[in-house]
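Since the structure comes first, as C-alpha cells, the remarks are kept for the end.
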Amino acid sequence: MEERAKCLALLGFGALVGSVSTILLLKFRPRTVNGCDEKGSELHSIGPVSKTRTNCCAVSGNGNNKMAGVDLLSDEIVSEQLTRNIQFFGLEPQQKVTASYVVVIGLGGVGSHAASMLLRSGVGRLLLVDFDQVSVSSLNRHAVATRADVGIPKAQCLKEHFLSIFPECHIDAKVLLYNESSEEEILAGHPDFVLDCIDNIDTKVALLAACVRRGLNVLSATGAGARADPTRIRVADLRQSTNDPLSRSVRHRLRRDYGIEGGVTVVFSLEKPKAKLLPFKGPSGEEENPSDYQILPGFRVRIIPVLGTIPAIFGQVMASFVLTQLAGLQVQTEPIVNLDIDHYRMLHQRLIEHEESLYGTAFHVQVDVEEVMYIAKELWHGRSAREPFAKDVGRGMWRSVNELMLVRWDREKPASVSNLILLKFKEADEHESTTLEDIKEREAEFFDRVTSVLKRAELEFGL
14 MEERAKCLAL LGFGALVGSV STILLLKFRP RTVNGCDEKG SELHSIGPVS KTRTNCCAVS
74 GNGNNKMAGV DLLSDEIVSE QLTRNIQFFG LEPQQKVTAS YVVVIGLGGV GSHAASMLLR
134 SGVGRLLLVD FDQVSVSSLN RHAVATRADV GIPKAQCLKE HFLSIFPECH IDAKVLLYNE
194 SSEEEILAGH PDFVLDCIDN IDTKVALLAA CVRRGLNVLS ATGAGARADP TRIRVADLRQ
254 STNDPLSRSV RHRLRRDYGI EGGVTVVFSL EKPKAKLLPF KGPSGEEENP SDYQILPGFR
314 VRIIPVLGTI PAIFGQVMAS FVLTQLAGLQ VQTEPIVNLD IDHYRMLHQR LIEHEESLYG
374 TAFHVQVDVE EVMYIAKELW HGRSAREPFA KDVGRGMWRS VNELMLVRWD REKPASVSNL
434 ILLKFKEADE HESTTLEDIK EREAEFFDRV TSVLKRAELE FGL
C-alpha cells in the first residue's frame, strides 16, 4: 500500500508539472500566424527561408483581436482550440466555418446558446442583435449571463463574455430592435446565415420575409416555452411544423402578408405546450391590462413558463444545423410525417356524423380538425386504442384509415380532446353497447391504458 501511495503521489506530481509547463509554454512562446509572431515579425525556421514575406496583421487594440484577411486556423492557439472540430469536419470544411459570417437576432434563452456554440465552434464573424437587457428572471436559461450582468444589454453581455472565450472572432454587438428601418444595418454584408431567435411575432415575420426577399439563409426558432421533452425537437420547413401556436401564426402571416408559402427552415417541438401565457399582475397583485406595461407596442408582457433546458437545446440544435451547413456536412434529418389533411377532415366528419346519429346533434363535438390531428397522431398513433403496442408513426399507419373512427370514451362527457378514442368500426359499435364500469371490471389493463393517455391529453391542453 505504501509503494502504491508513492506511485500515485509521483503521478499526481508529474501531472501538475506537466500542466504548469504547458501554461508557461503558451504564455511565453511566440504566437505564430502564417509564419509571423504576434507583433508582426517574421519567424524563421531552421533551413532555407523564402524571400517572400507572408502578410501578417497585428492584433487590433479594440479588444476584438480580429485577424483580418488571415486564416484563423493558421494561428497556433486557435488551431489547438478547434482541434476537435477540425478532427470532426476536416481542415477545409472547418476553414469554411471560420471564414463565415453569422447574424444572431434575439439573444435570450435560445439565441444566447446558439451564438455561444457558433463562437466556440470557430465562426469567424458574429453580429449579435437584441434591444433588451439581461434580467434576473432570464438567468434560468441564458447561456453566459450572471447576476453581475443584470441590467446591461444582452448584446453587450454576450460580447464581453465571448471575447474571453474566442478573442480572435470579430464580434459586432448592436443594441437594436429589428424593424424596417434597421433592416439594412442588420442584414447588410451578405451573412452566410441569419438566426431568428425572436419571440415577437410581428418582428419575426418581418425578419423572415426580409431574409426570403434578400435570398439569405435563415433558420428560425419557434416556441420553446412550456415544453419539457427534448426528444421531440425537430428541424424542418415551416410548412411541416405542427403543435406549435407560434409556427401556425407565422405561417398564416407570411402567407397573408407576403405570399410566402414555405422555404423557411425552423426548429420546433412536436410536443403540445403544457401551459399558456400567464395572466399579468401589476404591482398591486391584481390582474391588469398587459399593454399598459409594454416596453414597445406589440411586445408581450405576460410570460410563458419556461423549463430552461429546452430553449438551451433549441439553441444548440440551431447551432449544430448551421455549422454542418457551413462545413458542407450532409446530415439526414428525421422526416416529419405530416399526412394529408383530408385524413383528419374525414375523421372529423365521421365523428360529427356519429354524434348526430347517436345523440341527434353534433353540438357536443368540441374539437376541430387540428385537434383531431393531435388525437389521431399524437395520442393513438393512427391505430385503434385496442391495439396494445404502438406502431411507428408514418404513412403506413393509414393503411386502415378507412376502418377507423373517433368515439367518446365516456358517453356522459362531451366529445373533447380528453374524451375521444380511435377505434375500428366494429370496436366502436361494441364500445357504445357497454359501460365504463364493465370495461374497468372486465378489462382493467385496457381501462388503465386509455385513462392514462386521455389524462395526458387533459394535462397538455390544460383542461
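The opening residue of the sequence shown carries number 14 in this note's numbering; numbering runs sequentially from there. Ideal placement from N, C-alpha and C gives every residue a C-beta, glycine not left out. Owing to the predicted nature of the structure, the values given are computational and were not obtained by experimental measurement.
Under the three-pair Cβ rule at 8 Å, the stretch 186-194 counts as touching the stretch 153-172. Between leucine 392 and leucine 417, the CB-CB gap reaches or exceeds 8 Å. For the 8 Å CB-CB criterion, serine 134 and valine 157 do not form a contact.
For serine 125, the enclosing alpha helix (DSSP H) covers residues 122-133. Beta bridge pairing from DSSP links leucine 232 with Leu208, Thr278.
Where leucine 336 is concerned, the enclosing alpha helix (DSSP H) starts and stops at 322-340. Proline 204 is a Cβ neighbour of valine 115, given a cutoff of 8 Å. In the three-state reduction of the DSSP assignment, lysine 285 falls in the coil class. The residues Gln107, Val110, Ser134, Gly135, in chain order, have a CB closer than 8 Å to that of asparagine 98 in the same chain once the five nearest residues on each side in sequence are set aside. Using a Cβ-Cβ distance cut-off of 8 Å, the stretch 170-178 and the stretch 236-246 are not in contact, since fewer than three pairs of beta carbons, one from each stretch, lie closer than that value.
With contacts defined as CB atoms closer than 8 Å, serine 431 and glutamate 458 fail to qualify as a contacting pair. The shortest C-alpha to C-alpha distance from leucine 141 to any of Thr255, Ala112, Cys182, Leu339 is the one to Cys182.
Under DSSP, methionine 418 forms a beta bridge with Leu436. When C-alpha distances from glycine 328 are compared across Ser92, Leu86, Gly121, the shortest belongs to Gly121. In this structure, the beta-carbon distance from valine 330 to leucine 360 does not fall below 8 Å. The C-beta of lysine 217 has 16 or more other C-beta atoms within 10 Å across all chains shown, which makes the residue buried. In the DSSP assignment, the residues bridged to proline 166 are Gln146. Considering only Val277, Phe334, Leu419, the residue with the shortest C-alpha distance to alanine 441 is Leu419. Comparing alpha carbon positions, the residue from Thr448, Ala127, Phe376 closest to serine 429 is Phe376.
At a Cβ-Cβ threshold of 8 Å, glutamate 193 and alanine 219 count as neighbours.
Collapsing the DSSP output to three states places alanine 249 in a strand.
DSSP places tyrosine 357 inside the alpha helix (DSSP H), whose first and last residues are 354-372.
Counting along the chain, lysine 468 sits inside the alpha helix (DSSP H) bounded by residues 457-473. Annotation for proline 243: Thr322, Ile323, Ile326 place their beta carbon closer than 8 Å to its own, counting only its chain and skipping 5 residues before and after.
According to DSSP, arginine 138 shares a beta bridge with Tyr114, His183.
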